[in-house]
Each structure stands twice: as structure tokens, then as C-alpha cells.
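Heads up: the sequence shown begins at 1 in full-length UniProt numbering, then just goes up one per residue.
Everything below concerns the one structure shown next.
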Amino acid sequence: MVDNSMIDIIQQGATLAIDRGRTQIIDGEIYAVEHDGMLRIKYLYNRPGGGLRMRSHNASEHPDEYLNHEERFEQSFKIVGWVFWWSTLNNRRPPVPLDEHLLGWEGSKSEPEVGN
């Protein structure tokens with residue numbers, strides 16, 4: 001995720017798992033979509049006549065978007081798949097430096113010595 005449109009549920013920088021075989025919209029589920037060349041993550045809802053509504057979790061900054069059947073084709077809209085899993089690393093703490101001594105890796109750049 002590169003924007004804040006799904007913040008509070010999917011954080012910026014999250015890793016996503018997408019089931020590319022599930023592209024039929026079930027109202028209110030989260031999908032990855034390609035829209036005018038951009039990958040976007042949105043809640044999708046069917047609308048009459050083949051249209052759809054894209055909803056962000058952060059609706060105060062990202063209002064609902066509506067596409068009718070014709071606009072879906074004109075704007076190169078494609079459902080990539082259903083987002084079924086996501087994970088975000090905790091960024092409140094800095095990364096822990098690797099301590100090779102504690103891991104027993106100190107001086108192990110070459111082959112280990114074999115005793116006689």
C-alpha cells in the first residue's frame with residue numbers, strides 16, 4: 001500500500017496477499033484493482049447496469065468513486081483479485097541490529113574447521 005486510503009485497516013507499506021482467481025465482486029469485500037494504470041486497494045460494491053462503487057476505509061479523505069459500465073472499459077478498469085490477507089511491520093521501534101556474536105556467526109565467513 002502506498003497511500004492512506006485504507007488506513008486504520010491496511011497501513012501504508014503493508015504487504016498484501018491477493019487471490020487472482022476471485023474477481024467476481026462480493027459487495028463490501030476488499031479487492032486489488034488496476035484503474036488507469038494504477039494499482040488500487042478498495043472495497044467494491046456492484047451497482048445496477050454493470051457499474052460499481054469503490055469505497056476507501058478512509059472515506060473522509062478519499063470519497064466514494066462510482067463507475068458505470070462504459071467508464072469501466074474507458075478507464076481500463078480491471079479487478080486483479082480479492083485481498084484476503086495483509087501484514088504490516090511495526091514501525092514504532094527501529095530495527096534491531098544483527099549481533100553475529102550472539103548468533104554464533106562470528107568469524108564464519110569461511111568453511112568451518114573440521115577436527116581430526
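For each residue, glycine too, the CB sits at the ideal point set by N, CA and C.
From a predicted model like this one, the values you see are computed outputs, not experimental measurements.
Cutting at 8 Å between CB atoms, please list the residues of its own chain near residue i, excluding the five before and the five after it.
| i | result |
| --- | --- |
| Asp-27 | Leu-44, Tyr-45 and Asn-46 |
| Gln-75 | His-35, Asp-36 and Leu-67 |
Suppose the cutoff is 7 Å on Cβ atoms and the five residues either side in sequence are ignored; what does the same chain contact list for residue i look like?
| i | result |
| --- | --- |
| Gln-24 | none |
| Gly-51 | Tyr-66, Leu-67, Asn-68 and His-69 |
| Ala-14 | Met-1, Trp-86, Ser-87 and Thr-88 |
| Arg-22 | Gly-81 and Trp-82 |
| His-62 | Ser-5 and Ser-56 |
| Gly-49 | Asn-68 and His-69 |
Among the options, whose alpha-carbon lies nearest the alpha-carbon of residue i?
| i | options | result |
| --- | --- | --- |
| residue 159 | Gly-51, Phe-84, Asn-90 and Thr-88 | As displayed, the chain neither begins before 1 nor continues past 116, which places residue 159 out of reach and without an answer. |
| Met-38 | Leu-89, Asn-90 and Val-80 | Val-80 |
| Asp-64 | Glu-74, Arg-72 and Arg-53 | Arg-53 |
| Ile-7 | Glu-71, Trp-82, Lys-42 and Pro-48 | Lys-42 |
| Arg-20 | Trp-86, Glu-71, Trp-82 and Ser-5 | Trp-82 |
| Phe-77 | Ala-32, Asp-3 and Asn-4 | Ala-32 |
Identify the residues that DSSP records as bridge partners of residue i: which are they?
| i | result |
| --- | --- |
| Asn-46 | Leu-52 |
| Ser-87 | Thr-15 |
Around the C-beta of residue i, are 16 or more other C-beta atoms found within 10 angstroms, so that it is buried, or is it exposed?
| i | result |
| --- | --- |
| Ser-56 | buried |
| Ser-60 | exposed |
| Arg-40 | buried |
| Ala-17 | exposed |
Please go through the same chain and pick out, in chain order, the residues whose beta-carbon is closer than 6 Å to the beta-carbon of residue i, but skip the five residues on each side of it.
| i | result |
| --- | --- |
| Gln-11 | Thr-88 |
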